[in-house]
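**Q**
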Amino acid sequence: PSFAVVIDDDDGGSDPDPDPSEIASETNVLVPVDVWTCPRYLYVVLPYCPGGDLFGEVNETAGAFDEEEARERMRQILNGLDHLRRSGVAHRDVSLENLMVSGDGRTVVIDMGQCIRCPCDPYPEDEDSEP
């Protein structure tokens, strides 16, 4: 398998990101394979997404997705964000650059660097509804 490594300057000035191991391997959230730190940097190893980011895909197609594909991409994005919300995490940096296209064509949410823990869930689980 292929991997991507993100190196971030660990300034120590912000709250630690939510622990990736606490975010279950959801099909539409890219979960790090490994995370480690040294005194100055934070290293994050992610599965490689050969499809690139959604920004590039939108540019390549001039934003002309057919309705079915646009609907499926949006469903996958909302599925990933809903999973984070149910895990008590707010992403806070959703953009086309933070949505990647995996090798099998799925749209996955990446870049948890701006995530914060939500102290409570404003949308309690409703057993009768589905996302």
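When you line the sequence shown up against the working numbering, it's residues 127 to 257, in that order. Note that CB positions come from ideal geometry on N, CA and C, so glycine has one too.
List the residues that DSSP assigns as beta-bridge partners of M226.
**A** Within the sequence shown, residue 226 is the residue found at index 100, counting from 1. BP columns for M226 point to D179, V234.
**Q** Is the distance from the Cβ of I203 to the Cβ of L225 below 8 Å?
**A** Within the sequence shown, the letter at position 77 stands for residue 203. Within the sequence shown, the letter at position 99 stands for residue 225. Cβ distance < 8 Å, so I203 and L225 count as in contact.
**Q** Label M200 either buried or exposed according to how many other C-beta atoms from any shown protein chain fall within 10 Å of its C-beta, with 16 as the threshold for buried.
**A** As a first step, residue 200 must be located in the sequence shown, where it is residue number 74. Exposed is the call here.
**Q** Measure the alpha-carbon distance for H217 versus F191 and round it to whole angstroms.
**A** Residue mapping note: residue 217 aligns to position 91 of the sequence shown, counting from 1. Residue mapping note: residue 191 aligns to position 65 of the sequence shown, counting from 1. For H217 and F191, the distance between alpha carbons rounds to 25 Å.
**Q** Going by beta carbon distance, what residues of the same chain come within less than 6 Å of L180, once the five residues before and after it are set aside?
**A** Along the sequence shown, one-based indexing puts residue 180 at 54. Excluding residues within five positions, the ones whose Cβ falls inside 6 Å are L222, L225.
**Q** Hey, how far is the Cα of Q240 from the Cα of D219?
**A** Indexing the sequence shown from 1 puts residue 240 at position 114. Indexing the sequence shown from 1 puts residue 219 at position 93. Annotation: Q240 to D219 spans about 6 Å, alpha carbon to alpha carbon.
**Q** First and last residue of the beta strand (DSSP E) that includes L172?
**A** For the purposes of this step, residue 172 is taken as the residue at position 46 of the sequence shown. Run containing L172: 167–173, per the beta strand (DSSP E) assignment.
**Q** Cα separation between S147 and A188?
**A** Residue mapping note: residue 147 aligns to position 21 of the sequence shown, counting from 1. Residue mapping note: residue 188 aligns to position 62 of the sequence shown, counting from 1. The predicted position of S147 is uncertain, since its pLDDT is 46 and thus under 50; a value taken from the coordinates is nonetheless stated next. C-alpha separation (whole angstroms): 37 Å.
**Q** Do V227 and E183 have their C-beta atoms within less than 8 Å of each other?
**A** For the purposes of this step, residue 227 is taken as the residue at position 101 of the sequence shown. For the purposes of this step, residue 183 is taken as the residue at position 57 of the sequence shown. Their beta carbons are under 8 Å apart, which means V227 touches E183 by this criterion.
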